[in-house]
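Here is the structure we will look at, set down as structure tokens.
Chains as they are written, first to last, in UniProt numbering: chain D, 1 to 220; chain P, 1 to 278; chain R, 1 to 214.
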């Protein structure tokens with residue numbers, strides 16, 4: 001059942017190339033998605049009715065629909081509007097949207113977790129609304145949000161596996177291709193699984209530590 | 001103008017001198033720093049503030065006492081608009097705000113610049129150093145340079161005896177130290193009035209003393225102060241005027257001697273007895 | 001998109017619901033022994049459960065389904081797409097529910113354990129009669145939001161040919177070349193499906209809260 005040594009040696013370059021693409025898609029999705037999440041979080045709590053509605057709709061769809069459906073909507077659906085994206089770009093757009101929607105909720109919750117007194121004090125010393133956000137609320141909120149944001153980053157890395165369905169040559173696609181060529185599905189998929197776990201498990205343990213430290217910080 | 005002069009140049013006076021009133025620096029229109037007229041606040045059907053009228057003279061130290069839920073903290077929070085009143089007017093120096101009209105944040109900023117506020121739970125910014133806590137508003141609100149703001153912040157920290165804490169974060173300081181830093185922060189905008197919302201209630205008695213000492217020094221330097229407090233010693237010995245509140249109303253107001261030693265109203269007598277019996 | 005097209009998509013609904021509820025049920029049950037092992041006094045068992053949970057969560061759901069359906073099914077013993085999806089998602093749900101139960105257990109004040117010890121209840125009775133009832137209430141909101149997450153996760157079953165919502169949408173979009181509308185409708189259906197769960201969770205939480213308060 002397990003892959004033979006020669007097999008592993010033969011497959012590994014291919015699988016690692018796939019992993020690289022998975023990591024690239026994840027990194028770019030987070031790079032664009034998290035600032036989007038911040039903007040959406042501010043949009044949802046904004047006073048402007050239009051801004052609020054647009055942000056809410058983007059958040060509700062981005063979280064409410066499965067990432068797989070978002071991905072297929074962007075890749076297979078958008079061309080009807082004349083906008084055709086390559087599979088890499090479509091993957092980043094869909095996962096960045098998904099990231100933005102989830103992180104906006106994380107950031108909003110952390111903003112709401114800041115004690116009322118901080119806002120009182122910021123207002124009492126005459127800070128403007130923007131300054132209050134920039135100097136008082138956001139620095140504290142982002143500290144609270146850090147562990148869940150890191151945890152979500154692992155999920156997005158795993159979510160890149162969905163790009164198999166839009167023919168992006170990431171890790172699962174490569175493993176599947178090797179499998180259908182050699183009919184050695186189980187060993188090659190297992191090898192791919194090990195590569196995912198080799199990234200996700202240490203990352204999850206790390207996030208656990210950050211969480212504990214953040215908890216201690218909050219108790220002080 | 002160098003803000004430090006405002007506090008440090010005034011020779012200390014006893015509270016008795018100042019309670020004669022009128023003789024202090026004339027300011028505003030009628031010799032008042034704060035003038036409230038018919039200030040009202042409701043939460044649903046519950047009246048928290050019932051058309052409060054109040055005048056505070058320059059240099060006056062006014063203590064507000066009363067049972068919890070009497071509206072004293074709300075009154076304080078309404079004065080700098082942390083709580084939005086439903087009606088009435090607030091005049092601070094030349095600025096008047098009509099609570100029945102919508103107010104721009106810029107207008108509020110002008111009001112708040114004249115008023116410093118100290119909270120029961122300190123509300124220092126935990127992610128900033130002590131120095132930054134005191135300098136940030138000077139930079140962002142008054143437009144001072146960083147160097148200028150930090151120099152002034154150091155002066156204020158020395159004044160409350162905490163210059164050595166400048167580089168630390170507030171979490172490392174005791175409650176009493178935190179409250180003294182909060183006082184320095186509130187002084188940083190050179191306010192004309194300082195509001196204190198139960199500044200020692202969250203502190204052990206011993207730590208409360210060091211805060212009260214700073215407040216007394218501030219009062220002696222001529223600062224106009226409104227202090228919501230449970231410290232009867234402060235009301236009796238430091239303040240010029242004491243105001244007793246209950247159920248959103250002013251029960252009685254007079255010189256600290258009179259209200260604390262010969263209260264006229266039954267409600268005040270009952271409250272003071274209850275406090276002393278504890 | 002015609003009304004008939006929507007009916008085509010809706011044909012996937014029973015599969016989505018069955019997969020969601022089935023995997024959730026499996027997960028909620030298997031999570032109990034898994035958690036017991038995770039909290040066991042016996043170190044090897046504890047380490048085994050801990051690594052199992054980490055590894056299950058460390059591999060993407062889509063790849064789990066592939067390992068089960070293509071890896072095991074194609075080579076060792078034939079397995080239907082639905083059973084493969086149910087097994088894979090059930091496994092993942094078990095690991096996640098074990099973590100949710102654990103979080104809830106940890107949130108119970110240690111005074112409750114001490115009080116039970118003082119009454120000389122055994123470990124098993126303490127958990128069964130004192131801790132678990134309180135922990136379940138704490139776990140309910142997390143479990144409900146996990147159920148909604150799991151429902152969206154079932155969309156990956158389309159990749160191994162389970163005829164659920166995303167699968168129907170995919171097929172229809174290839175037939176009609178109207179991917180934009182089709183995937184929009186499918187996405188919306190998932191949002192709509194999550195509403196009753198969210199509502200139920202809120203009312204159950206409110207009910208339990210009132211019972212505890214009374």
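In this text, a Cβ means the ideal position worked out from N, Cα and C, and glycines have one as well.
What does residue 211(P) reach in chain C if we use C-beta pairs closer than 8 Å? No chain C appears in the structure shown, which is made up of the protein chains D, P and R.
On a CA-only basis, which of 109(R), 151(R), 124(R) and 83(R) is nearest residue 134(R)? Give me that one, please. Here residue 134(R) refers to the residue found at position 134 when the third chain is read from its first residue. Nearest option by C-alpha distance: 109(R).
Apart from the five residues on each side of it in sequence, which residues of its chain come closer than 6 Å, Cβ to Cβ, to residue 244(P)? Along the second chain, one-based indexing puts residue 244(P) at 244. Hits under 6 Å: 65, 66, 251, 252 and 268.
Would residue 5(R) and residue 200(R) qualify as a contact pair, given that the criterion is a beta-carbon distance under 7 Å? On the third chain, position 5 is the one that residue 5(R) refers to. On the third chain, position 200 is the one that residue 200(R) refers to. The Cβ-Cβ distance between residue 5(R) and residue 200(R) does not fall below 7 Å.
Rounded straight-line distance, which links the Cα of residue 198(D) to that of residue 10(D): Counted from its first residue, the first chain places residue 10(D) at position 10. Counted from its first residue, the first chain places residue 198(D) at position 198. Cα-Cα distance, rounded: 19 Å.
For a cutoff of 7 Å on Cβ pairs, would you count residue 141(D) as touching chain P? In the first chain, the residue the question calls residue 141(D) occupies position 141. It does not; no Cβ of chain P falls within 7 Å.
Tell me the rounded alpha-carbon separation between residue 226(P) and residue 125(D). What you label residue 226(P) is simply residue 226 of the second chain in a count that begins at 1. What you label residue 125(D) is simply residue 125 of the first chain in a count that begins at 1. The alpha-carbon atoms of residue 226(P) and residue 125(D) are separated by roughly 17 Å.
Would you kindly check if the distance between the Cβ of residue 39(D) and the Cβ of residue 195(D) is under 7 Å? For the purposes of this step, residue 195(D) is taken as residue 195 along the first chain, with counting starting at 1. For the purposes of this step, residue 39(D) is taken as residue 39 along the first chain, with counting starting at 1. For the 7 Å CB-CB criterion, residue 195(D) and residue 39(D) do not form a contact.
Using the Cβ count rule (16 or more neighbours within 10 Å means buried), how would you classify residue 222(P)? For this step, residue 222(P) is matched to residue 222 along the second chain. Burial call: buried.
Thinking C-alpha only, which one of 208(R), 147(R), 156(R) and 175(R) is nearest residue 196(R)? As a working mapping, residue 196(R) is identified with position 196 in the third chain. Of 208(R), 147(R), 156(R) and 175(R), the residue nearest in Cα terms is 147(R).
Listed in chain order, which residues of the segment 194 to 206 of chain D have Cβ atoms closer than 7 Å to some Cβ of chain R? Correct list: 196, 197, 200, 201 and 204.
Give the residues of chain R in contact with residue 225(D), contact being defined as C-beta atoms less than 9 Å apart. With chain D represented from 1 up to 220, any question about residue 225(D) goes unanswered, as that position is not in the structure.
Inter-residue Cα distance where the pair is residue 156(P) and residue 105(P): Taking the first residue of the second chain as 1, we reach residue 156(P) at position 156. Taking the first residue of the second chain as 1, we reach residue 105(P) at position 105. In a straight line, the C-alpha of residue 156(P) is about 27 Å away from that of residue 105(P).
By a C-beta neighbour count over all protein chains shown, 10 Å radius and 16 as the cutoff for buried, is residue 115(D) buried or exposed? Numbered from its first residue, the first chain carries residue 115(D) at position 115. Answer is exposed; the Cβ neighbour count stays below 16.
Could you give the C-beta distance for residue 134(P) and residue 79(P), rounded to a whole number, given that I count them as a contact under 8 Å? Within the second chain, numbered from 1, the residue matching residue 134(P) stands at position 134. Within the second chain, numbered from 1, the residue matching residue 79(P) stands at position 79. Contact between residue 134(P) and residue 79(P) does not hold, since their C-beta atoms are separated by about 22 Å, which reaches or exceeds 8 Å.
Inter-residue spacing [alpha-carbon to alpha-carbon] between residue 190(P) and residue 113(P): Counting from one through the second chain, the residue named residue 190(P) turns up at place 190. Counting from one through the second chain, the residue named residue 113(P) turns up at place 113. Inter-residue distance for residue 190(P) and residue 113(P) is about 8 Å (C-alpha atoms, whole angstroms).
With a floor of 4 residues, list each alpha helix (DSSP H) that falls wholly inside the segment 154 to 217 of chain D, ordered by position along the chain. For the segment 154 to 217 of chain D, whole alpha helix (DSSP H) runs of length 4 or above, ordered along the chain, are 171 to 182.
Cβ-based burial, residue 355(P) [other Cβ within 10 Å; buried from 16]: Nothing about residue 355(P) can be reported from this structure: the residues present for chain P run from 1 to 278 only.
What are the boundary residues of the beta strand (DSSP E) that residue 81(D) is part of? Translated into the one-based positions of the first chain, residue 81(D) becomes position 81. Taken as a continuous stretch (DSSP letters only), residue 81(D) belongs to no beta strand (DSSP E), as it is neither H nor E.
Within this structure, are the beta carbons of residue 77(D) and residue 179(R) separated by less than 7 Å? Numbered from 1 along the first chain, position 77 holds the residue referred to as residue 77(D). Numbered from 1 along the third chain, position 179 holds the residue referred to as residue 179(R). For residue 77(D) and residue 179(R), yes; Cβs fall inside 7 Å.
Which parts of the segment 2 to 68 of chain R are runs of the alpha helix (DSSP H), unbroken and 4 residues or longer, counting only runs that do not cross its ends? Counting whole runs of 4 or more residues, the segment 2 to 68 of chain R contains the alpha helix (DSSP H) stretches 3 to 10, 13 to 38, 43 to 58 and 61 to 66.
For residue 27(R), count neighbouring C-beta atoms within 10 Å of its own C-beta (all shown protein chains included) and say buried if the count is 16 or more, exposed if not. Here residue 27(R) refers to the residue found at position 27 of the third chain. Buried.
Once DSSP output is grouped into helix, strand and coil, what is the label at residue 73(D)? The residue labelled residue 73(D) in the question sits at position 73 within the first chain. Residue 73(D) carries a helical assignment under DSSP once its states are collapsed to helix, strand and coil.
At the 7 Å Cβ level, is residue 169(D) part of the contact set with chain R, yes or no? By one-based count along the first chain, residue 169(D) stands at place 169. Chain R, which has no Cβ nearer than 7 Å to the Cβ of residue 169(D), makes this no.
Report yes if the C-beta distance between residue 150(R) and residue 20(R) is below 7 Å; otherwise report no. By one-based count along the third chain, residue 150(R) stands at place 150. By one-based count along the third chain, residue 20(R) stands at place 20. A contact, by the Cβ cut-off of 7 Å.
What is the residue span of the beta strand (DSSP E) that residue 32(P) lies within? For the purposes of this step, residue 32(P) is taken as residue 32 along the second chain, with counting starting at 1. Looking at the DSSP string, residue 32(P) is not in any beta strand (DSSP E), and its letter there is neither H nor E.
Backbone secondary structure at residue 20(D) - three-state DSSP: As a first step, residue 20(D) must be located in the first chain, where it is residue number 20. It is helical.
Alpha carbon of residue 144(P) to alpha carbon of residue 138(P), nearest angstrom: Start at 1 with the first residue of the second chain, and residue 144(P) comes out as number 144. Start at 1 with the first residue of the second chain, and residue 138(P) comes out as number 138. Whole-angstrom Cα-Cα distance: 6 Å.
Exposed or buried, residue 1(D), counting other C-beta atoms within 10 Å across all chains shown (16 or more means buried)? The count along the first chain starts at 1 and reaches residue 1(D) at position 1. Classification of residue 1(D): exposed, given that the 10 Å Cβ count is below 16.
With a threshold of 8 Å, are at least 3 pairs of Cβ atoms found where one atom belongs to the segment 70 to 85 of chain P and the other to the segment 187 to 206 of chain P? Yes: at least three Cβ pairs fall under 8 Å.
For residue 309(P) and residue 117(D), what's the separation of their Cα atoms in angstroms? Here chain P covers residues 1 to 278 and nothing more, so residue 309(P) does not appear.
Taking just the CA atoms, how far does residue 121(P) sit from residue 17(D)? As a working note, residue 17(D) is residue 17 in the first chain. As a working note, residue 121(P) is residue 121 in the second chain. Between residue 17(D) and residue 121(P), the C-alpha separation is close to 56 Å.
What did DSSP end up calling residue 84(R) once you bin it into helix, strand or coil? Numbered from its first residue, the third chain carries residue 84(R) at position 84. In the displayed model, residue 84(R) falls within a helix according to three-state DSSP.
Can you check DSSP and say which residues form a bridge with residue 255(P)? Within the second chain, numbered from 1, the residue matching residue 255(P) stands at position 255. Partner(s): 241(P).
Between which two residues does the beta strand (DSSP E) carrying residue 196(P) extend? Mapped onto the second chain, residue 196(P) falls at position 196. Its beta strand (DSSP E) spans residues 193 to 197.
With distances taken between CB atoms, is the gap from residue 38(R) to residue 31(R) smaller than 7 Å? Indexing the third chain from 1 puts residue 38(R) at position 38. Indexing the third chain from 1 puts residue 31(R) at position 31. No, Cβ-Cβ distance for residue 38(R) and residue 31(R) is not below 7 Å.
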